[in-house]
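Asks: In the working numbering, the protein residues as written are 285 to 708.
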Amino acid sequence: MKKIFILSVLVFFTIGAQATKGNKDLITIQITPDHYDWNYKIGEPAHFTISLFRDQQKLNNIKIEYAVGPEKMVPIQKDSVLLKNGSVTIKSPGMQQPGFLSCEVRATVDGFSYRNLINIAYDCELIRPTTLLPKDFRSFWNDQICRMREYPMKSEMTFIPEESDADVKVYRVKVTHYIRGNHLYGILCIPNKEGRFPAVLRLPGAGVAKHTGDKELARLGVITFRIGIHGIPLDLKAEAYGSLQFGALKDYMYHRMNDRENYYYNRVFLGCIRANDFLTALPQYDGKNLAAYGGSQGGALTLVTAALDSRVKYLAAFYPALCDIGGYAHNRAGGWFGVKELTPEETKVLAYYDVVNFARYIRIPGFYSWGYSDETCPPTSFYSAYNIIKAPKELYLLKETGHWRYPEQNIKVNQWLIDKLTGK
285 MKKIFILSVL
295 VFFTIGAQAT
305 KGNKDLITIQ
315 ITPDHYDWNY
325 KIGEPAHFTI
335 SLFRDQQKLN
345 NIKIEYAVGP
355 EKMVPIQKDS
365 VLLKNGSVTI
375 KSPGMQQPGF
385 LSCEVRATVD
395 GFSYRNLINI
405 AYDCELIRPT
415 TLLPKDFRSF
425 WNDQICRMRE
435 YPMKSEMTFI
445 PEESDADVKV
455 YRVKVTHYIR
465 GNHLYGILCI
475 PNKEGRFPAV
485 LRLPGAGVAK
495 HTGDKELARL
505 GVITFRIGIH
515 GIPLDLKAEA
525 YGSLQFGALK
535 DYMYHRMNDR
545 ENYYYNRVFL
555 GCIRANDFLT
565 ALPQYDGKNL
575 AAYGGSQGGA
585 LTLVTAALDS
595 RVKYLAAFYP
605 ALCDIGGYAH
615 NRAGGWFGVK
625 ELTPEETKVL
635 AYYDVVNFAR
645 YIRIPGFYSW
655 GYSDETCPPT
665 SFYSAYNIIK
675 APKELYLLKE
685 TGHWRYPEQN
695 IKVNQWLIDK
705 LTGK
């Protein structure tokens with residue numbers, strides 16, 4: 285009965301409250317593969333049936349343009365055709381290696397342009413990383429964590445009454461980071477009742493933006509700490525983030541990409557460990573149940589944190605970024621941030637930051653969710669990490685999704701976290 289109640293609360297707070305796919309287009313381009321599960325064997329041909337809909341009715345006599353090929357690569361088929369009888373079928377020879385085959389369709393109706401893309405999988409469980417593991421990978425990161433901890437952690441918590449309520453207390457947090465004068469900022473939510481609680485570290489997607497606390501999980505008896513990665517408070521005025529996004533922090537993921545100790549993500553990865561230092565020192569923490577959770581860049585940081593910090597017992601990741609970054613050098617899709625050309629030194633440095641190398645060291649249960657048609661974090665990239673994780677894995681796959689998720693995915697992950705962290 286208690287689990288049913290918790291799920292009901294999750295549905296109430298999650299449906300309509302999370303970032304999901306936006307409104308549908310006036311014209312819908314439907315691409316349907318001939319395998320219902322979108323999965324194919326290497327060498328097997330694929331057929332894509334294409335239809336255009338308006339008001340749920342098929343359109344005729346519309347010219348479409350299509351392109352088929354390995355995701356993010358030059359198409360192997362490209363042509364145009366006139367839609368007759370409501371649909372047309374495109375035949376493809378398929379793929380000769382594990383990966384994902386894209387079918388992209390464009391159409392112009394009444395002067396407006398429309399587009400859709402889907403990926404189908406070819407033995408995706410056989411995808412392996414192209415990124416090599418440096419021999420000193422573990423020792424490098426152990427040394428970096430020791431360096432950070434040379435600076436004692438000091439924290440400031442400021443109560444935010446306007447964000448708090450009868451169930452949750454919300455705080456601004458400022459924590460000393462790995463060099464003098466550098467700080468980590470976050471929003472902390474603590475259940476407003478007596479007791480000690482499990483905790484979840486919430487990790488951010490890419491960009492520079494304002495963040496709020498995760499009160500949803502806190503209402504269910506979990507401490508949540510949502511952090512930023514840029515060393516700036518999370519509740520500034522909106523224009524401040526815009527100035528940074530297109531100014532000092534523009535393309536931050538490329539900053540010092542040829543400098544192993546000073547690459548931008550060095551302080552970011554260490555910041556995740558420092559955030560856990562703060563979380564686990566809270567008197568309200570139960571001392572044993574800690575999870576990491578995020579999507580995209582946040583999914584990458586989740587896997588990194590799980591690999592580096594043994595205090596983390598569970599992880600939940602949506603479509604992780606930074607996986608097999610150098611894939612493009614091997615004529616296949618690489619992970620976000622989509623860099624197509626790397627110098628030898630950049631390739632060497634990025635191996636220490638590539639999520640596939642952290643995935644090799646994950647030993648805790650994880651919940652994963654994504655789709656096949658993600659154009660921001662190509663599935664070839666995150667399957668290269670997922671497939672080498674030896675720990676228990678639960679995958680909630682919604683094939684048609686791209687770099688977005690349904691509210692039901694958020695409900696599923698929250699319920700999974702509650703089950704693991706509280707046993708309820």
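A virtual CB, placed ideally from N, CA and C, is assigned to each residue, including glycine.
Which residues does DSSP pair with residue 348 in a beta bridge?
Replies: Numbered from its first residue, the sequence shown carries residue 348 at position 64. Residue 348 is bridged to 365 and 391.
Asks: With H, G and I counted as helix, E and B as strand and the rest as coil, what does DSSP make of residue 654?
Replies: On the sequence shown, residue 654 is found 370 positions in, with the first residue counted as 1. Residue 654 falls in the strand class under three-state DSSP.
Asks: Taking all protein chains shown into account, decide if residue 549 is buried (16 or more other Cβ within 10 angstroms of its Cβ) or exposed.
Replies: As a working mapping, residue 549 is identified with position 265 in the sequence shown. With 16 or more other Cβ atoms within 10 Å, it is buried.
Asks: Looking at residue 656 and residue 685, is the spacing between their C-beta atoms short of 9 Å?
Replies: Sequence index remark: in the sequence shown, residue 685 carries index 401 (1-based). Sequence index remark: in the sequence shown, residue 656 carries index 372 (1-based). A contact, by the Cβ cut-off of 9 Å.
Asks: Find out if the Cβ-Cβ distance for the pair residue 317, residue 387 is shorter than 9 Å.
Replies: Looking up residue 317 in the sequence shown gives position 33. Looking up residue 387 in the sequence shown gives position 103. Against a cut-off of 9 Å, the Cβ pair of residue 387 and residue 317 comes out as a contact.
Asks: How would you label residue 532, buried or exposed, when you count the other beta carbons within 10 angstroms and need 16 or more for buried?
Replies: Here the question's residue 532 lines up with position 248 in the sequence shown. Exposed, by the Cβ-count rule.
Asks: Using a threshold of 9 Å, state whether the C-beta atoms of residue 489 and residue 581 are closer than that.
Replies: Taking the first residue of the sequence shown as 1, we reach residue 489 at position 205. Taking the first residue of the sequence shown as 1, we reach residue 581 at position 297. Cβ atoms of residue 489 and residue 581: closer than 9 Å.
Asks: What does the alpha-carbon distance come out to for the pair residue 312 and residue 338?
Replies: In the sequence shown, counting from the first residue as 1, residue 312 sits at position 28. In the sequence shown, counting from the first residue as 1, residue 338 sits at position 54. Taking the straight line joining both Cα atoms gives about 7 Å.
Asks: Examine the Cβ distances between the stretch 411-431 and the stretch 626-639 and report whether three or more of them are shorter than 8 Å.
Replies: Short answer: they touch.
Asks: Give me, in chain order, the residues of the same chain whose beta-carbon lies closer than 7 Å to that of residue 359; leave out the 5 immediate sequence neighbours on both sides.
Replies: Locating residue 359 in the sequence shown gives position 75, where the first residue counts as 1. Excluding residues within five positions, the ones whose Cβ falls inside 7 Å are 351, 352 and 353.
Asks: Kindly indicate which residue of 389, 376 and 377 has the alpha-carbon position closest to the one of residue 347.
Replies: Counting from one through the sequence shown, the residue named residue 347 turns up at place 63. The residue with the shortest Cα to Cα distance from residue 347 is 389.
Asks: Tell me whether the beta-carbon of residue 398 lies closer than 9 Å to the beta-carbon of residue 324.
Replies: Within the sequence shown, residue 398 is the residue found at index 114, counting from 1. Within the sequence shown, residue 324 is the residue found at index 40, counting from 1. No, the Cβ-Cβ distance between residue 398 and residue 324 is not below 9 Å.
Asks: Count the other C-beta atoms from every protein chain shown that fall within 10 angstroms of the C-beta of residue 326, then say buried if there are 16 or more, exposed otherwise.
Replies: Residue mapping note: residue 326 aligns to position 42 of the sequence shown, counting from 1. It is exposed - the Cβ of residue 326 has fewer than 16 other Cβ atoms within 10 Å.
Asks: Have a look at the DSSP bridge pairing and note the partners of residue 677.
Replies: As a working mapping, residue 677 is identified with position 393 in the sequence shown. Residue 677 is bridged to 650.
Asks: Would the beta-carbon of residue 558 fall within 9 Å of that of residue 441?
Replies: Position 274 of the sequence shown, counting from 1, holds the residue named residue 558. Position 157 of the sequence shown, counting from 1, holds the residue named residue 441. Result no, Cβ atoms of residue 558 and residue 441 do not sit closer than 9 Å.
Asks: Who are residue 440's beta bridge partners in DSSP?
Replies: One-based indexing of the sequence shown puts residue 440 at position 156. Answer is 458, bridged to residue 440.
Asks: Whether or not the stretch 662-677 and the stretch 565-581 are in contact is what I'm after, with contact meaning three or more pairs of Cβ atoms, one per stretch, closer than 8 Å; do they touch?
Replies: Too few Cβ pairs lie closer than 8 Å, so no.
Asks: Excluding the five sequence neighbours on either side, which residues of its own chain have a C-beta within less than 7 Å of the C-beta of residue 306, listed in chain order?
Replies: Numbered from its first residue, the sequence shown carries residue 306 at position 22. Interpretation of residue 306 is limited by its pLDDT of 46, a score under 50 that renders its predicted location unreliable; the figure taken from the coordinates is listed afterwards. Nothing meets the Cβ criterion.
Asks: Quick one: grab the DSSP three-state call for residue 469.
Replies: Position 185 of the sequence shown, counting from 1, holds the residue named residue 469. Correct three-state label for residue 469: strand.
Asks: Mapping DSSP to helix, strand and coil, what is residue 703?
Replies: As a first step, residue 703 is located in the sequence shown; it is residue number 419 there, counting from the start. Residue 703: helix per DSSP, three-state reduction.
Asks: Does the Cβ of residue 341 have 16 or more other Cβ atoms within 10 Å, making it buried, or fewer, making it exposed?
Replies: The residue given as residue 341 occupies position 57 in the sequence shown. Label assigned to residue 341: exposed.
Asks: For residue 529, which of helix, strand or coil comes out of DSSP?
Replies: Residue 529 sits at position 245 when you count from the first residue of the sequence shown. In this structure, residue 529 counts as helix in the three-state DSSP scheme.
Asks: Classify residue 639 as helix, strand or coil using the three-state DSSP reduction.
Replies: To locate residue 639, count along the sequence shown from 1; it is residue 355. Looking at residue 639 - three-state DSSP - the assignment turns out to be helix.
Asks: Our contact map puts residue 692 next to residue 401 with C-beta atoms below 8 Å; I'd like the distance itself, whole angstroms only.
Replies: Indexing the sequence shown from 1 puts residue 692 at position 408. Indexing the sequence shown from 1 puts residue 401 at position 117. The pair is not a contact, with the Cβ atoms about 22 Å apart (cut-off 8 Å).
Asks: Excluding the 5 residues flanking residue 298 on each side, which residues of the same chain have their C-beta closer than 8 Å to its C-beta?
Replies: Translated into the one-based positions of the sequence shown, residue 298 becomes position 14. The predicted position of residue 298 is uncertain, since its pLDDT is 36 and thus under 50; a value taken from the coordinates is nonetheless stated next. Contacts found: 500, 691, 694, 695 and 698.
Asks: Quick one: Cα of residue 328 to Cα of residue 410, how far?
Replies: Mapped onto the sequence shown, residue 328 falls at position 44. Mapped onto the sequence shown, residue 410 falls at position 126. Rounded to the nearest angstrom, the two C-alpha atoms are 15 Å apart.
Asks: In whole angstroms, what is the alpha-carbon distance linking residue 356 and residue 395?
Replies: Against the sequence shown, residue 356 aligns to sequence position 72. Against the sequence shown, residue 395 aligns to sequence position 111. The alpha-carbon atoms of residue 356 and residue 395 are separated by roughly 27 Å.
Asks: Label residue 289 either buried or exposed according to how many other C-beta atoms from any shown protein chain fall within 10 Å of its C-beta, with 16 as the threshold for buried.
Replies: Looking up residue 289 in the sequence shown gives position 5. Low confidence applies here, because residue 289 scores a pLDDT of 42, under 50, leaving its location unreliable and the question unanswered by this model.
Asks: What does the alpha-carbon distance come out to for the pair residue 374 and residue 320?
Replies: The residue you call residue 374 lines up with position 90 of the sequence shown. The residue you call residue 320 lines up with position 36 of the sequence shown. Whole-angstrom Cα-Cα distance: 16 Å.
Asks: Nearest by alpha-carbon distance to residue 433: which of 530, 460 and 706 is it?
Replies: On the sequence shown, residue 433 is found 149 positions in, with the first residue counted as 1. The shortest Cα separation from residue 433 among 530, 460 and 706 belongs to 460.
Asks: Drop a sphere of 10 angstroms on the beta-carbon of residue 475, count the other beta-carbons inside from all chains shown, and report buried for 16 or more, exposed for fewer.
Replies: In the sequence shown, counting from the first residue as 1, residue 475 sits at position 191. Flag for residue 475 reads buried.
Asks: Could you tell me whether any non-hydrogen atom of the ligand COA is closer than 8 Å to the CB of residue 613?
Replies: For the ligand COA, the structure offers nothing, since it holds no ligand at all.
Asks: Reducing DSSP to helix, strand and coil, say where residue 289 ends up.
Replies: As a first step, residue 289 must be located in the sequence shown, where it is residue number 5. Note that residue 289 scores 42 on pLDDT, short of 50, meaning its location in the model is unreliable; the coordinates nonetheless yield the value given after this. In the structure shown, residue 289 sits in a helix (DSSP, three-state: H, G or I).
Asks: Go ahead and label residue 538 buried or exposed: buried means 16 or more other beta carbons lie within 10 angstroms of its beta carbon, across all protein chains shown.
Replies: Within the sequence shown, residue 538 is the residue found at index 254, counting from 1. Residue 538 comes out exposed.
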